[in-house]
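> The structure is given below, and queries will be raised subsequently.
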Amino acid sequence: MAPQTVDANYARTVAAVLLAFLDSLPEPVVPLSLHQRCAEVTSRDVAFEMLSLFPPTSVNAWICVTAFLHLLTLKEKDPLSPEDTQPSRSPSRTELLASIFTPILFRDNSDNVSLPPVSPLGKKRFLLLFMEGP
């Protein structure tokens with residue numbers, strides 16, 4: 636098995652376990668009360684300021700998860716990476732990872748109907764501010 640295949644399989648396995656763990660938490664990583672405000676953020680600086688409103692355990696989880704996702708996206712930017720042969724119309728690895736992790740990190744509470752719905756694209760944009768780096 637080629638080293639790139641082992642690395643890709645390892646990353647997928649870790650991501651799958653991480654998703655299952657995050658989904659099993661009693662509360663979402665991003666508190667429900669902050670979903671709307673996070674979805675409205677458009678700058679990286681403001682996104683980092685928003686973290687001060689998260690509970691400490693959520694901040695720690697957010698930083699660890701987004702650091703892991705950022706590392707996964709770095710391979711995408713490697714010009715020598717054999718996985719960079721995807722057509723330009725396909726979503727990037729960064730976009731795909733954000734699409735997979737956003738609903739788990741911003742998990743909605745179906746029991747709480749008093750909160751208005753929040754844009755899934757806004758939530759994804761917030762996550763991308765951390766995944767894409769400066």
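Taking my numbering, the leading residue of the sequence shown gets 636, the next gets one more, and so forth. Beta carbons: idealized from backbone N, C-alpha and C, even for Gly.
#1: Could you give the first and the last residue of the continuous alpha helix (DSSP H) run that contains residue 680?
#2: Would you give the residue range spanned by the alpha helix (DSSP H) that residue 672 belongs to?
#3: With H, G and I counted as helix, E and B as strand and the rest as coil, what does DSSP make of residue 766?
#4: Less than 7 Å between the beta carbons of residue 772 and residue 665, yes or no?
#5: Indicate the three-state DSSP secondary structure (helix, strand or coil) for residue 666 in the structure shown.
#6: Does any residue of chain C have a CB that is nearer than 7 Å to the CB of residue 675?
#7: Please classify residue 691: does DSSP put it in a helix, a strand, or coil?
#8: What would DSSP say about residue 743, mapped onto helix, strand or coil?
#9: How many Å lie between residue 721 and residue 728 at the Cα?
#10: Tell me which same chain residues have a C-beta within less than 6 Å of the C-beta of residue 763, skipping the five on either side of it?
#11: Ignore the nearest five residues each way along the sequence and tell me which others in residue 705's own chain have a CB closer than 8 Å to its CB.
#12: In or out: residue 713 buried (at least 16 other Cβ within 10 Å) or exposed?
#13: What did DSSP end up calling residue 659 once you bin it into helix, strand or coil?
#14: According to DSSP, simplified to helix, strand and coil, what is residue 738?
On the basis of the data shown:
#1: Indexing the sequence shown from 1 puts residue 680 at position 45. From DSSP, the alpha helix (DSSP H) with residue 680 extends over 679-685.
#2: Here residue 672 is taken as the residue at index 37 of the sequence shown, counted from 1. 670-675 is the span of the alpha helix (DSSP H), which, as asked, contains residue 672.
#3: Here residue 766 corresponds to residue number 131 of the sequence shown, with the count starting at 1. Residue state, collapsed to three classes: helix.
#4: Since the displayed the chain opens at 636 and closes at 769, residue 772 lies outside it and no answer follows.
#5: Stepping through the sequence shown from its first residue, residue 666 is reached at position 31. Of the three classes helix, strand and coil, the one that applies to residue 666 here is coil, per DSSP.
#6: This model lacks chain C altogether, as it is built from one protein chain only.
#7: As a first step, residue 691 is located in the sequence shown; it is residue number 56 there, counting from the start. Helix, per DSSP.
#8: As a working note, residue 743 is residue 108 in the sequence shown. Residue state, collapsed to three classes: coil.
#9: As a first step, residue 721 must be located in the sequence shown, where it is residue number 86. As a first step, residue 728 must be located in the sequence shown, where it is residue number 93. Because residue 721 sits at a pLDDT of 48, beneath the cut-off of 50, its placement in the model cannot be relied upon, and the following sentence gives the value as read from the coordinates. Those two C-alpha atoms are separated by around 10 Å.
#10: Start at 1 with the first residue of the sequence shown, and residue 763 comes out as number 128. Counting only Cβ-Cβ distances below 6 Å, and skipping sequence neighbours, we find 733.
#11: Reading the sequence shown from its first residue, position 70 is the one you call residue 705. Cβ within range, chain order: 765, 766, 767, 768.
#12: Stepping through the sequence shown from its first residue, residue 713 is reached at position 78. Bear in mind that a pLDDT of 48 at residue 713, under 50, signals an unreliable position, so the number given afterwards is only what the model happens to contain. A residue is called buried when at least 16 other Cβ atoms come within 10 angstroms of its Cβ; residue 713 does not meet this threshold and is exposed.
#13: What you label residue 659 is simply residue 24 of the sequence shown in a count that begins at 1. Looking at residue 659 - three-state DSSP - the assignment turns out to be helix.
#14: Residue mapping note: residue 738 aligns to position 103 of the sequence shown, counting from 1. Helix at residue 738.
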